[in-house]
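*Asks:* Attaching a single structure in structure tokens format; questions to follow.
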Amino acid sequence: MNGTRSETRFPRHLRSGTIARGLADDTGSILPLVIFYAFLCLVLVLLVSAVTSLYLERERLYAVADGAALAGAESYDLESVAVVDGHPRPTLESPAVRAAVTEFLSTAVADGFDALEVEQAGSADGRSAVVRLSAVWHPPMVSVLVPAGIRIEVTSTARSVFW
Numbered sequence: 008m009n010g011t012r013s014e015t016r017f018p019r020h021l022r023s024g025t026i027a028r029g030l031a032d033d034t035g036s037i038l039p040l041v042i043f044y045a046f047l048c049l050v051l052v053l054l055v056s057a058v059t060s061l062y063l064e065r066e067r068l069y070a071v072a073d074g075a076a077l078a079g080a081e082s083y084d085l086e087s088v089a090v091v092d093g094h095p096r097p098t099l100e101s102p103a104v105r106a107a108v109t110e111f112l113s114t115a116v117a118d119g120f121d122a123l124e125v126e127q128a129g130s131a132d133g134r135s136a137v138v139r140l141s142a143v144w145h146p147p148m149v150s151v152l153v154p155a156g157i158r159i160e161v162t163s164t165a166r167s168v169f170w
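Here the sequence shown stands for residues 8 to 170, numbered as in my numbering.
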């Protein structure tokens with residue numbers, strides 16, 4: 008074979024035409040890849056920031072629910088403390104738990120939540136205070152992939168115990 012490399016690469020009718028020069032020239036073929044990966048990175052950054060914001064807002068709401076449940080668990084009267092098996096045991100009542108939770112949430116601790124609601128506050132067994140709170144979360148950047156807001160809900164339980 009005494010031909011050049013281009014002779015073996017292309018058929019005879021394409022060796023000297025503009026088509027052969029067009030096939031050998033790959034200028035601009037990287038541009039669609041760069042655009043695609045830039046778009047993919049932007050979408051990934053938006054999604055990760057939205058998920059992180061949702062997680063942090065849920066944890067913040069959970070911390071408030073923990074404090075509210077603790078306030079509800081401490082809402083007993085000293086007259087309602089009974090001695091059972093030699094140990095003092097407070098008795099919780101749902102209206103007192105709800106009042107303590109409402110008072111706790113009226114403080115500055117619960118500021119910054121959108122549409123904060125007490126879904127449940129009470130005591131089913133007389134020993135534990137159960138508090139369920141909900142609020143609306145808004146993402147840092149609204150996009151097609153992330154909704155404008157989601158209602159998140161957390162539940163916390165606390166119990167008063169004398170040692």
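Quick reminder that beta carbons are idealized off the backbone N, C-alpha and C, glycines included.
These numbers were taken from a predicted model, which means no experiment stands behind them.
Would A57 and V153 qualify as a contact pair, given that the criterion is a beta-carbon distance under 9 Å?
*Replies:* For the purposes of this step, residue 57 is taken as the residue at position 50 of the sequence shown. For the purposes of this step, residue 153 is taken as the residue at position 146 of the sequence shown. In this structure, V153 lies closer than 9 Å to A57 by Cβ.
*Asks:* Where does E160 fall in DSSP's three states?
*Replies:* To locate residue 160, count along the sequence shown from 1; it is residue 153. In the structure shown, E160 sits in a strand (DSSP, three-state: E or B).
*Asks:* Which word fits P97, buried or exposed, when buried means at least 16 other C-beta atoms lie within 10 angstroms of its C-beta?
*Replies:* Here residue 97 is taken as the residue at index 90 of the sequence shown, counted from 1. A buried status is given to P97, since no fewer than 16 other beta-carbon atoms sit within 10 Å of its beta-carbon.
*Asks:* Rounded to a whole number of angstroms, what is the C-alpha to C-alpha distance between A165 and L99?
*Replies:* On the sequence shown, position 158 is the one that residue 165 refers to. On the sequence shown, position 92 is the one that residue 99 refers to. A165 and L99: Cα-Cα distance of roughly 11 Å.
*Asks:* Using a threshold of 9 Å, state whether the C-beta atoms of V104 and G74 are closer than that.
*Replies:* Indexing the sequence shown from 1 puts residue 104 at position 97. Indexing the sequence shown from 1 puts residue 74 at position 67. For V104 and G74, no; Cβs fall outside 9 Å.
*Asks:* Closest to A78 by C-alpha separation, out of E66, F111 and L61, would be which residue?
*Replies:* As a first step, residue 78 must be located in the sequence shown, where it is residue number 71. Checked all of E66, F111 and L61; the closest Cα to A78 is F111.
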